[in-house]
Structure formats: structure tokens, C-alpha cells
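Data block below; observations after.
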Amino acid sequence: MSTFDSTSRVTVPLLLQRKQKHEKITMLTTYDYPSACILDRSQTDIALVGDSLSMVVLGHENTLSIGMDEMIYHTKAVVRACRRALVVGDMPFGSYQNGITQAVENGIRFIKEGGCAAVKLEGGKQRASIIAALVQAEVPVMGHVGMTPQSMHRFGGFRTQGKTVDAALAIMEDAFAVQEAGAFSVVLESIPAPVAAEITARLKIPTIGIGAGPHCDGQVLVWHDLFGMLDQKPAKFVKQYAQLYSEMLEATDRYCEEVRNGVYPDEAHSYSMVDTEAFAHRVEEVYGDSPAHPSNEGSFQRSKV
0 MSTFDSTSRV
10 TVPLLLQRKQ
20 KHEKITMLTT
30 YDYPSACILD
40 RSQTDIALVG
50 DSLSMVVLGH
60 ENTLSIGMDE
70 MIYHTKAVVR
80 ACRRALVVGD
90 MPFGSYQNGI
100 TQAVENGIRF
110 IKEGGCAAVK
120 LEGGKQRASI
130 IAALVQAEVP
140 VMGHVGMTPQ
150 SMHRFGGFRT
160 QGKTVDAALA
170 IMEDAFAVQE
180 AGAFSVVLES
190 IPAPVAAEIT
200 ARLKIPTIGI
210 GAGPHCDGQV
220 LVWHDLFGML
230 DQKPAKFVKQ
240 YAQLYSEMLE
250 ATDRYCEEVR
260 NGVYPDEAHS
270 YSMVDTEAFA
280 HRVEEVYGDS
290 PAHPSNEGSF
300 QRSKV
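Under numbering that gives the first Met the number 0, the first residue of the sequence shown carries the number 0, and numbering increases by one thereafter.
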């Protein structure tokens with residue numbers, strides 16, 4: 000049973016308590032101030048400033064193109080909005096692959112410059128030493144195993160992982176390695192539900208699923224997927240809770256039609272002045288008669304003297 004508290008700030012220790020109490024955790028990606036304001040007023044626990052912004056906000060084909068400066072920029076905007084949700088910054092490709100020193104420097108940047116409370120990075124056993132170093136440097140870490148988008152070229156695209164026994168066991172080993180390294184939670188992406196269930200049951204830290212079935216300790220979705228904001232077919236695991244793309248397109252077309260037809264702005268959406276007649280007289284004295292133009296008809300409601 001959920002015991003959502005709309006006033007208390009979500010913290011790393013609180014999330015660990017949620018795991019122990021079997022209370023589900025909610026996470027959404029968010030990339031800007033307006034969406035983060037909505038997220039923070041909702042029941043969402045974690046605001047992930049995901050490197051997915053490379054695709055859904057900046058229009059790239061994958062997550063590999065975005066860098067630290069762009070991630071920090073968007074993280075700052077999200078942090079300004081979040082008074083309750085835990086903000087996690089997603090470490091982009093190339094910000095930690097060169098080793099511990101680079102990873103710690105960039106992790107600290109997320110905390111100091113971005114203002115977030117934790118970072119997320121992809122990889123299992125091969126990233127254990129980096130996770131441990133970040134935690135030792137007082138940077139809380141959320142892990143990410145299974146289908147890791149930054150490894151898309153190795154996988155041959157965004158493909159479900161862990162379908163065979165050996166592959167599933169390898170993901171379990173990665174999850175345990177992330178936990179042993181000191182991560183406070185781990186994202187399980189695009190893996191079979193039974194595999195995610197086993198990992199969740201055996202780990203002490205919360206698992207956050209995305210395309211990993213219903214048995215994880217929590218779930219995450221991309222903001223634009225949740226709201227149906229893109230004109231494209233969503234992944235199998237995505238449930239769209241709204242269809243904003245069509246609604247926003249319709250609203251935009253209505254605006255254009257009203258502007259072209261002179262319907263908008265009307266009197267209700269315009270500012271008036273105290274003495275229109277005096278203003279009209281003064282303009283006429285200074286600039287002469289008003290040139291004939293359809294848009295000027297009715298501009299000054301006065302009688303010629």
C-alpha cells in the first residue's frame with residue numbers, strides 16, 4: 000500500500016526504506032523547468048535528467064551525442080523546480096569511460112554545478128571500480144544494467160537482453176556487482192520479467208524497471224513517451240497515459256487559423272488605453288492622416304471633428 004507524502008523530500012535513505020517496506024518507487028525522466036514543476040507536484044519520487052534528452056529533446060538518433068555541458072545545463076533547470084523529488088543526473092557517454100579520475104570529476108560536477116543529489120551510469124562488473132570511487136567521493140550512484148543504450152553499437156541496436164540462461168545470469172552478476180560497489184539502486188532495462196523478478200528478490204537495493212516487467216521495486220518511463228508527445232510508435236513496454244502530440248498539433252493549427260482570420264487577438268486579449276481619442280488626435284498632428292490599411296480599421300473609435 001502506497002504511503003505517498005507530498006511534503007517530505009525524497010532521499011537515498013528513504014528509497015532504501017521503500018525497498019524494505021515493499022513500497023513501489025516511481026521515476027520519470029525530465030529535462031526542463033516546466034515539466035519538472037509538474038513532476039515535483041505529482042507523486043513521482045525521482046526526477047531523472049536522462050541522457051535520453053539527446054533523442055527526445057535535441058533530435059539525435061541515439062544517446063551518444065550529448066555531452067556533460069548539455070547535461071549540466073538541463074540538470075540545473077530541473078533542480079530549480081524540484082523541492083521534493085530526488086534529482087538524478089545521467090552521466091553521458093564519454094564522461095566516465097576513460098577511468099576513475101574522469102568519472103569522479105564529472106560526478107562531482109553533477110553535484111556541484113548541476114545541483115542534483117545523485118548520478119546514474121551504465122554498466123555492471125566493468126564499472127564497479129568507478130561506482131565505488133564515486134561513492135567514496137560522496138557521489139551517490141544509481142546503476143544501470145541489462146540493455147544499456149550507450150552500448151547500442153555492441154548490442155546491434157536497442158535490443159532486449161538476457162533472453163538466454165547465460166545472458167540472464169550475466170545480468171544478475173552485473174546487478175550484484177553494482178550493489179557491491181555501493182550503488183543505492185539499479186535500473187533494469189529491457190530484460191525478461193522473470194530475470195528482473197529474480198534480481199529484485201535477491202538484491203538489497205531497489206531495482207527500477209523499464210521494460211523489465213512488474214516485479215521491480217519501481218518503474219521509470221521517458222517523459223515524452225508517458226504523455227505521447229512524439230509522432231512515432233512507442234516501444235512495447237511503454238504505456239502512454241495521454242496523447243499530447245495530436246492535442247498540441249490541433250491547438251497550434253487553431254491558433255494559426257485564428258491569427259490568419261483576424262479572430263485572435265480579440266478585445267478580451269488586448270490592452271485598452273484611457274483616452275484613445277486624444278491619442279488619435281495627437282498622432283494625426285505629428286504624423287498626419289493614418290495610411291489606409293485593413294488592420295487599422297476600427298483602431299480609433301472616434302468621430303471626425
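Just so you know, even glycine gets a beta-carbon here, dropped at the ideal spot from N, CA and C.
State the start and end residues of the unbroken alpha helix (DSSP H) segment that holds residue i.
i	result
Gln-16	11-20
His-280	275-286
Lys-111	It is not in any alpha helix (DSSP H) - Lys-111 carries neither H nor E in the DSSP assignment.
Thr-199	192-201
Thr-55	Sequence check: residue 55 is Val here, not Thr. Looking at the DSSP string, the run of the alpha helix (DSSP H) that includes Val-55 is 52-55.
Leu-133	127-135
Thr-6	Segment: none, Thr-6 is in no alpha helix (DSSP H) and carries neither H nor E.
Which whole-angstrom value describes the C-beta separation of residue i and residue j, a residue pair presumed to lie in contact below a C-beta threshold of 8 Å?
i	j	result
Asp-74	Pro-148	According to the sequence as given, residue 74 is Thr; it is not Asp. Between Pro-148 and Thr-74 the Cβ distance is about 18 Å, and since that is not below 8 Å, they are no contact.
Ile-65	Pro-91	5 Å
Tyr-30	Val-11	With a Cβ gap of about 22 Å, Tyr-30 and Val-11 do not count as contacting.
Gly-58	Met-70	Between Met-70 and Gly-58 the Cβ distance is about 16 Å, and since that is not below 8 Å, they are no contact.
Asp-173	Lys-232	No, Asp-173 and Lys-232 are not in contact; Cβ-Cβ is about 29 Å, not under 8 Å.
Leu-85	Ala-116	5 Å
Asp-39	Arg-82	6 Å
Val-77	Asp-44	Not confirmed; about 14 Å, so no contact.
Leu-27	Ala-46	7 Å
Tyr-254	Tyr-240	Incorrect: roughly 25 Å between the Cβ atoms, too far for contact.
Ile-190	Lys-18	The pair is not a contact, with the Cβ atoms about 19 Å apart (cut-off 8 Å).
Ala-132	Ile-99	4 Å
Quick one: does residue i have its CB under 8 Å from some CB of chain D?
i	result
Gln-242	Note that chain D does not occur in the displayed structure, where there is just one protein chain.
For the beta strand (DSSP E) that contains residue i, what are its first and last residues?
i	result
Leu-220	217-220
Glu-188	184-188
Thr-25	24-28
Met-247	Taken as a continuous stretch (DSSP letters only), Met-247 belongs to no beta strand (DSSP E), being part of the alpha helix (DSSP H) at 243-259.
Arg-209	Rather than Arg, the amino acid found at residue 209 in this sequence is Ile. Note, Ile-209: beta strand (DSSP E), 206-209.
Ala-117	117-119
Val-140	140-145
Leaving out the 5 sequence neighbours to the left and right, which residues in its chain are closer than 8 Å to residue i when beta-carbon positions are compared?
i	result
Glu-284	none
Val-134	Val-140, Ala-180, Gly-181 and Ala-182
Ile-130	Leu-120, Val-140, Gly-142, Val-177, Ala-180, Gly-181 and Ala-182
Leu-202	Ala-174, Phe-175, Gln-178 and Val-185
Ala-127	Ala-176, Val-177, Glu-179 and Ala-180
Only counting the same chain, and skipping five residues up and downstream in sequence, which positions put a Cβ closer than 7 Å to that of residue i?
i	result
Ile-110	Val-138
Leu-13	none
Near residue i, which residues of its chain fall below 6 Å by C-beta distance, leaving aside the five closest residues on each side in sequence?
i	result
Gln-242	Gly-227
His-152	none
His-280	none
Asp-212	In the sequence under discussion, the amino acid at residue 212 is Gly, which differs from the Asp named in the question. Counting only Cβ-Cβ distances below 6 Å, and skipping sequence neighbours, we find Ala-192 and Ala-195.
Ser-306	Any answer about residue 306 is impossible in this case: the structure gives the chain only from 0 up to 304.
Ala-308	This structure gives no information on residue 308, because the portion of the chain shown stretches from 0 to 304.
Looking at residue i and the ligand ATP, is the gap between the Cβ and the nearest heavy atom below 7 Å?
i	result
Gln-19	As far as ligands go, the structure on display features none, and thus does not contain the ligand ATP.
Could you check whether the stretch 205-224 touches the stretch 37-54, counting it as contact only if at least three pairs of C-beta atoms, one from each stretch, sit closer than 8 Å? yes
Answer yes if the stretch 195-204 comes into contact with the stretch 228-237, meaning at least three C-beta pairs across the two stretches below 8 Å, and no otherwise. no
Cβ contact check for the stretch 18-26 and the stretch 206-217: 3 or more pairs under 8 Å: yes
Which complete alpha helix (DSSP H) runs does the stretch 152-182 hold, if anything under 4 residues is left out? 164-180
Below 8 Å, how does it come out for the stretch 142-158 and the stretch 185-192: are there three or more Cβ pairs, yes or no? yes
Check whether the stretch 101-119 touches the stretch 149-168, taking contact to mean three or more Cβ pairs, one atom from each stretch, closer than 8 Å. no
Which runs of the alpha helix (DSSP H) spanning at least 4 residues fall entirely within the stretch 35-106, listed in chain order? 52-55 and 67-80
Are the stretch 229-246 and the stretch 200-213 touching by the rule of at least three beta carbon pairs closer than 8 Å? yes
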